[in-house]
Amino acid sequence: MDRNNEARGKGSAATGQDEGCDWLSILPCLDSPAMGQERRRELDIDRTEAARLGQAAVAWSRQGWYPDKVGKQVSIAAQVARTAALKQSLAPDAGLPKVPEGVAPKETRVQVSNETTFQAAHRLVSKGSKVLTLNFANGISAGGGFLHGARAQEEVLCRSSALYLTLEGDLMYSFHRSRPRPDSSSWCILSPEVPVFREDKGTTLDEPWLLSFITCAAPVAPRVGRELSAILLRERIQRVYSIARAFGYDSLVLGAWGCGAFGNDSQSTARSF
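Just so you know, we're using the numbering used here here: the sequence shown kicks off at 450 and counts up by one.
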């Protein structure tokens with residue numbers, strides 16, 4: 450969503466203006482059976498191929514170039530170096546830049562769409578928005594299982610971009626591993642201007658494009674307890690919003706955060722967003 454911006458994520462939404470909220474507009478939902486079928490086709494990659502894509506993405510990011518569809522080398526060295534320099538690891542108690550006083554609030558537009566994270570983000574980037582995309586993180590393992598063929602949202606992001614290089618070795622993961630239960634925390638990793646070099650289905654791009662990510666982990670609801678997990682997730686949503694605002698992003702790409710393997714309730718999470 451954005452303040453003069455839009456939020457994208459799979460689901461459905463009503464249209465029209467929220468009663469009594471003249472700063473909030475709900476845009477028409479973008480969804481259809483055909484869109485659903487297309488999303489399934491795009492993401493239908495077997496585990497062996499997904500693992501190969503993940504391992505290649507790391508190798509390309511480290512070497513600073515990738516081969517396009519015809520084998521031509523496309524350099525990403527400068528972009529990878531820049532995102533590594535700009536990356537910030539924001540512990541739960543880390544202070545944030547102050548938002549300038551006197552900034553007038555803008556209209557916030559919210560839209561639910563049946564698109565992948567990259568499709569929604571690219572659409573907003575193409576319109577000139579300053580976009581921040583939420584990475585639904587594994588709290589104890591950078592990139593989740595993308596090197597071994599896992600195919601959830603974080604894994605698609607990491608196998609298609611240089612995001613993993615900004616996550617590996619971060620203190621967030623050891624902090625979460627030391628916790629007595631799988632609740633993670635509101636620790637966030639901000640990875641600005643990461644080069645994206647693949648489509649969701651694995652095809653390499655002729656030219657990379659840049660996208661900023663915020664990486665944060667949801668609690669594992671079945672082991673933490675659904676009621677507590679919903680409270681913790683709501684607090685993390687607020688933290689994500691605060692970071693986005695503090696660093697000047699005007700558009701957010703969100704989604705069903707923690708509502709897959711982590712077992713959080715999708716309707717409760719949607720209300721919290």
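Glycine is no exception: its CB is placed at the ideal position from the N, C-alpha and C atoms.
In the DSSP assignment, Ala506 falls outside any beta strand (DSSP E) and within the unbroken alpha helix (DSSP H) covering 496-512. Assigned with DSSP and collapsed to three states, Val669 falls in coil, not helix or strand. In the DSSP assignment, Arg647 falls within the unbroken beta strand (DSSP E) covering 637-647.
Gln528 is positioned such that its CB atom lies no closer than 8 Å to that of Thr566.
In terms of CA proximity to Leu473, Thr557 leads the group Gly712, Thr557, Pro629. Apart from sequence neighbours up to five positions away, the residues of its chain that approach Met621 with a beta-carbon distance below 7 Å are Ser538, Trp636, Ile638, ordered along the chain. Counting only the Cα atoms, Arg647 lies some 8 Å from Arg608. Judged by their CB atoms, Ala533 and Gly588 are not nearer to each other than the 8 Å cut-off. Within its own chain, the residues whose Cβ lies closer than 8 Å to the Cβ of Thr652, once the five positions on either side in sequence are excluded, are Lys518, listed in chain order. CA-CA distance, Ala508 to Gly551, rounds to 46 Å. Residue pairing by DSSP puts Val580 in a beta bridge opposite Ser700.
In this model, Val673 and Gly712 are separated by some 10 Å (Cα to Cα). Under DSSP, Ala586 shares a beta bridge with Ala666. Taken through DSSP and simplified to helix, strand or coil, Leu682 comes out as helix. Between Ala695 and Val548, the beta carbon gap of about 6 Å places them in contact (Cβ cut-off 8 Å).
Within its own chain, the residues whose Cβ lies closer than 8 Å to the Cβ of Arg628, once the five positions on either side in sequence are excluded, are Ser634, listed in chain order. Cβ-Cβ separation between Ile686 and Ser721: approximately 5 Å, consistent with a contact (criterion under 8 Å). Sequence-distant partners of Thr718 (beyond 5 residues in either direction) whose C-beta falls short of 7 Å from its own C-beta, in its chain, are Leu682, Ala705, Trp706, Gly707, Cys708.
Going by DSSP, Leu479 is part of no beta strand (DSSP E) at all; its letter is neither H nor E. In the assembly as shown, Arg496 is an exposed residue. Its beta-carbon has fewer than 16 other beta-carbons within 10 Å.
Under the three-state reduction of DSSP output, Arg558 falls in the strand class. Nearest Cα to Arg600 within the set Ile475, Ser715, Leu502, Leu479: Leu502. Minimum Cα-Cα distance from Trp514 among the listed residues Ala526, Asp619, Ala505, Asp542 corresponds to Ala526. When rounded, the separation of the alpha-carbon atoms in Pro546 and Ser610 is 27 Å. Ala505 and His597 have their C-alpha atoms roughly 12 Å apart. Nearest neighbour of Leu535 by Cα position, chosen from Lys521, Pro641, Glu676, turns out to be Pro641.
If you check the CB distance, Val689 and Thr582 do not come in under 8 Å.
Non-local beta-carbon contacts of Val643 in its own chain, meaning distances under 8 Å to residues more than five positions away in sequence, involve Gln528, Thr532, Ser610, Ala611, Leu612, Thr615, Leu659, Leu660, Ser661, Phe662 in chain order.
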